[in-house]
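Okay, structure first, notes after.
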């Protein structure tokens, strides 16, 4: 039995980027043709994690040459995670001509650029003085009266994030048998694995530093700024937290909700392996066998809804005070504002547990599982192999072939959401404001001075579309391994093989979200950052092909002392159909049988053919006093290949996960009871995928880890680790022409682990 607990905190700075169009600032300056963040955010995550595991083994030996073993393993993980996000979406940019909004909140000369003048490196938003620009009740350019709702106000900084409580359980049970004979030996393994898990709480919320009272906006922040020059930094009004605690703020009810996905998987497996030892001097053995796996995976979406007591109306629609930001919904203090990856002038945060408990205590809570929002995968894999092992003295190795047949059935659901108008309007199309009576045009409740919201059932519609795909493919996978021993313990090795890897279940059966924003919805919500009218979404690619790799290695090693070696490997790998995450624009997507043009769609695609060539140098040396050193370095070169969805090319990418170089150095000390190890790991630039039509790269990374264990006796052992001793940070950027097109910065913290293992039985 073993247990381990940990508590970590991580910080991240994240930027979603898009090619910029024309934007006008308050002074009438026009910006166009740039690459600008769609949002700039910093986040902090607190994670509490507890793992428990139990393993039991029983053996029975009915005869001298037959051994039966039964195993059972149970593992459980409990996770509570709170992420606070401090965000500046680009809602403060004008979506209309200058004559309509006077540049909105973008300050004069409010954008800064890199030396090329094409990449935005900072933005400055300021609320104009009352009665001027977009903050005037009468349009200064046209003289037309504005509705109070159209007078600009500060929507940033936007406080958002997530609160999650999850539990996952995994179990394995199997029986193995081993039989040995004079010429023929064999073994079997029959068993089952099964797992289930998901959130019991998956809750998101958001708040803004403004409130609509007495028919006008009252603002809790006057400025919002961000910059990438030096350490990424965000600046907001220093009194924004206190203003929000004092009531100048609103809960963003459109961003309050709970959606989650629960999963369960199972696999039955059976395997037979035989080894025949013929009476042939140069032929050591012939191995052959077969394996069968039958896997079922299922995921289902659901949500938690809160209804006004005694009704079936969600609380956002029927409670006039639902959007009130109570001080208890906020943390009373600013979060850490100067971390290893970002700096903030102030970092207000939401008290997610408090707000979640308030909703549960105030409204009727229902946990709903959506029967149509689910996906299934059934996968049956049959395999057989044969391999001959030879040894002539100086020459040894093996040659073999594996036959694999795969049958997949994939069923997925797409959630289709169509957003209509949000508010009641008068005959001229103006948004209606709630009167002092607190009754809206439909006879429902509303908050005086606030907008008159339509019932949720009229704001949008949700349907689900089920799609299925069956695929079957057979692969022949040969391999060989040739080893030649030279004098003085020098060994040469040549290997070649063909391998297959199937697309993971998450890529094949991702639950889809297809969302349509109407012109009426955009008109109502454009000041809140609504996307332009059209279709947007994400979903699975059920037609992902399994990727295959043909690989060759040639190596030389010199074993110059016991447990000591120095060597080199040359490698050449060709990979077809590797999986690339992509986000594409202006793509036609099937929506419940109807082809629709999508403004933006995220899915996974296959890379057609990529190559990886390079060299690895390695060494290990053990000293007589128990100290040892292990080191290796790999240099890798990859090409870029076309990335396709079906037969349509959507971009180019190098092999996902490939790095230009990688190396590690480990120094250790060990004796009969104690093992101590310090490891230093370096990784070069890594290819992550395609974002906004450009390749995302992970910048070179270095990390130092410490770990050790002490065995008190044959039953009791203690293990401990310190991960990321160096407090290293990750960084990703877009395109290989510059590193300034920043996409994300991350810091997972220095992590500490402590484990205890106890073994039952006599042991050794």
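Numbering (the working numbering), first residue to last: 3 to 766. Glycine included, each C-beta is placed from N, C-alpha and C at the ideal position. Quantities reported herein were computed from a predicted structural model and do not represent experimental measurements.
> Quick one: Cα of residue 760 to Cα of residue 53, how far?
Replying inline: Walking along the chain shown from the start, residue 760 turns up at place 758. Walking along the chain shown from the start, residue 53 turns up at place 51. Roughly 15 Å between the two C-alpha positions.
> Any idea what DSSP makes of residue 303, helix, strand or coil?
Replying inline: Locating residue 303 in the chain shown gives position 301, counting from the first residue. Residue 303 falls in the strand class under three-state DSSP.
> Contact between the region 528-548 and the region 306-319: three or more CB pairs below 8 Å?
Replying inline: Segments in contact, no.
> Using the beta-carbon count (16 or more within 10 Å), is residue 245 buried or exposed?
Replying inline: Position 243 of the chain shown holds residue 245. Buried.
> Cβ atoms of residue 744 and residue 731: under 8 Å apart, would you say?
Replying inline: Stepping through the chain shown from its first residue, residue 731 is reached at position 729. Stepping through the chain shown from its first residue, residue 744 is reached at position 742. Against a cut-off of 8 Å, the Cβ pair of residue 744 and residue 731 comes out as no contact.
>> Determine whether the beta carbon atoms of residue 572 and residue 556 lie at a separation below 8 Å.
In response: As a first step, residue 572 must be located in the chain shown, where it is residue number 570. As a first step, residue 556 must be located in the chain shown, where it is residue number 554. Yes; because the gap between Cβ atoms is below 8 Å, this pair is in contact.
> Which same chain residues, not among the five before or five after residue 257, have their C-beta less than 8 Å away from its C-beta?
Replying inline: Start at 1 with the first residue of the chain shown, and residue 257 comes out as number 255. 162, 206, 207 and 208.
>> the ligand COA and residue 24: does the residue's C-beta get closer than 7 Å to at least one heavy atom of that ligand?
In response: Looking at this structure, you won't find the ligand COA or any other ligand, since it has none at all.
>> Counting beta carbon pairs with one atom in the region 442-452 and one in the region 464-478, are three or more of them shorter than 8 Å?
In response: no
> Which value, in whole angstroms, describes the spacing of the CA atoms of residue 363 and residue 51?
Replying inline: The count along the chain shown starts at 1 and reaches residue 363 at position 361. The count along the chain shown starts at 1 and reaches residue 51 at position 49. Near 27 Å, if we compare the C-alpha coordinates of residue 51 and residue 363.
> If you draw a straight line from the alpha carbon of residue 43 to that of residue 735, how long is it in whole angstroms?
Replying inline: In the chain shown, counting from the first residue as 1, residue 43 sits at position 41. In the chain shown, counting from the first residue as 1, residue 735 sits at position 733. So the alpha carbons of these two residues sit roughly 15 Å apart.
>> As an exercise, report each continuous alpha helix (DSSP H) stretch of at least 4 residues that is fully enclosed by the region 44-85, in chain order.
In response: none
> Looking at the unbroken beta strand (DSSP E) that takes in residue 103, where does it start and where does it end?
Replying inline: Reading the chain shown from its first residue, position 101 is the one you call residue 103. Per DSSP, residue 103 belongs to no beta strand (DSSP E); it is in the alpha helix (DSSP H), 100-103.
> Span of the beta strand (DSSP E) holding residue 434?
Replying inline: To locate residue 434, count along the chain shown from 1; it is residue 432. Per DSSP, residue 434 belongs to no beta strand (DSSP E) and is neither H nor E.
> In three-state terms, what does DSSP make of residue 544?
Replying inline: Within the chain shown, residue 544 is the residue found at index 542, counting from 1. DSSP places residue 544 in coil when its eight states are reduced to three.
>> If I follow the unbroken alpha helix (DSSP H) through residue 338, where does it start and stop?
In response: Position 336 of the chain shown, counted from the start, is the residue given in the question as residue 338. Where residue 338 is concerned, there is no enclosing alpha helix (DSSP H), given that its DSSP letter is neither H nor E.
>> Just to confirm before moving on: does the CB-CB distance between residue 337 and residue 86 stay below 8 Å?
In response: One-based indexing of the chain shown puts residue 337 at position 335. One-based indexing of the chain shown puts residue 86 at position 84. It is a contact, given that the beta carbons lie within the stated cut-off.
>> Can you list, in chain order, the residues of its chain with a C-beta nearer than 6 Å to that of residue 629? Leave out the 5 residues immediately preceding and following it.
In response: Position 627 of the chain shown, counted from the start, is the residue given in the question as residue 629. Within the same chain, 671 come within 6 Å of residue 629 by CB-CB distance, once the 5 residues on both sides are set aside.
>> On the DSSP bridge list, what partners appear for residue 684?
In response: Sequence index remark: in the chain shown, residue 684 carries index 682 (1-based). In the DSSP output, where bridge partners are listed per residue, residue 684 has 665 and 704.
> Rounded C-beta distance between residue 196 and residue 91? I'm assuming under 8 Å.
Replying inline: Numbered from 1 along the chain shown, position 194 holds the residue referred to as residue 196. Numbered from 1 along the chain shown, position 89 holds the residue referred to as residue 91. Between residue 91 and residue 196 the Cβ distance is about 42 Å, and since that is not below 8 Å, they are no contact.
>> Would you call the region 423-438 in contact with the region 482-491, where contact means no fewer than 3 C-beta pairs closer than 8 Å?
In response: no
>> Taking the alpha-carbon of residue 107 as reference, which of 627, 27, 238 and 587 has the nearest alpha-carbon?
In response: Translated into the one-based positions of the chain shown, residue 107 becomes position 105. Of the candidates 627, 27, 238 and 587, the one whose C-alpha sits nearest the C-alpha of residue 107 is 27.
>> Three Cβ pairs or more, each shorter than 8 Å: is that satisfied between the region 597-615 and the region 539-546?
In response: Segments in contact, yes.
> If we call anything under 8 Å between Cβ atoms a contact, is residue 620 one with residue 634?
Replying inline: Stepping through the chain shown from its first residue, residue 620 is reached at position 618. Stepping through the chain shown from its first residue, residue 634 is reached at position 632. The answer is yes: Cβ separation under 8 Å.
>> Quick check on this structure: which residue in 137, 692, 355 and 533 has the alpha carbon closest to the alpha carbon of residue 581?
In response: Reading the chain shown from its first residue, position 579 is the one you call residue 581. Out of 137, 692, 355 and 533, 692 has the C-alpha closest to the C-alpha of residue 581.
> If you scan the region 221-301 from start to end, which runs of the beta strand (DSSP E) of 3 or more residues do you find wholly inside it?
Replying inline: 225-229, 235-238 and 260-278
> Hey, residue 200 and residue 263 are a contact pair by Cβ (cut 8 Å); roughly how many whole angstroms apart?
Replying inline: Here residue 200 corresponds to residue number 198 of the chain shown, with the count starting at 1. Here residue 263 corresponds to residue number 261 of the chain shown, with the count starting at 1. Going by Cβ atoms, the distance from residue 200 to residue 263 rounds to 6 Å, so yes, they are a contact pair.
> Ordered along the chain, which non-local residues of its own chain (more than five positions away) have a Cβ less than 6 Å from that of residue 682?
Replying inline: Position 680 of the chain shown, counting from 1, holds the residue named residue 682. Only 667 and 706 meet the Cβ criterion.
> Going by the CB atoms, is the gap between residue 656 and residue 686 shorter than 8 Å?
Replying inline: Taking the chain shown and counting its residues from 1, one reaches residue 686 at position 684. Taking the chain shown and counting its residues from 1, one reaches residue 656 at position 654. Going by C-beta atoms, residue 686 is not nearer than 8 Å to residue 656.
> Can we say the region 442-449 touches the region 502-517, given the rule of at least three CB pairs closer than 8 Å?
Replying inline: no
>> Going by C-alpha to C-alpha distance, which of 719, 733, 723 and 677 sits closest to residue 700?
In response: Along the chain shown, read from residue 1 onward, the residue named residue 700 stands at position 698. Comparing Cα-Cα distances from residue 700 to each of 719, 733, 723 and 677, the minimum goes to 733.
> With a Cβ-Cβ cutoff of 8 Å, do residue 296 and residue 269 count as a contact?
Replying inline: On the chain shown, position 294 is the one that residue 296 refers to. On the chain shown, position 267 is the one that residue 269 refers to. Against a cut-off of 8 Å, the Cβ pair of residue 269 and residue 296 comes out as a contact.
> Would the region 352-367 and the region 303-312 be scored as touching if the rule is three or more Cβ pairs under 8 Å?
Replying inline: yes
> If you draw a straight line from the alpha carbon of residue 697 to that of residue 642, how long is it in whole angstroms?
Replying inline: Indexing the chain shown from 1 puts residue 697 at position 695. Indexing the chain shown from 1 puts residue 642 at position 640. Distance between the alpha carbons of residue 697 and residue 642: 10 Å.
> Under three-state DSSP, which class holds residue 213?
Replying inline: Here residue 213 refers to the residue found at position 211 when the chain shown is read from its first residue. Looking at residue 213 - three-state DSSP - the assignment turns out to be strand.
> Taking Cβ to Cβ, would you say residue 230 is nearer than 8 Å to residue 123?
Replying inline: Taking the first residue of the chain shown as position 1, residue 230 is located at position 228. Taking the first residue of the chain shown as position 1, residue 123 is located at position 121. Going by C-beta atoms, residue 230 is nearer than 8 Å to residue 123.
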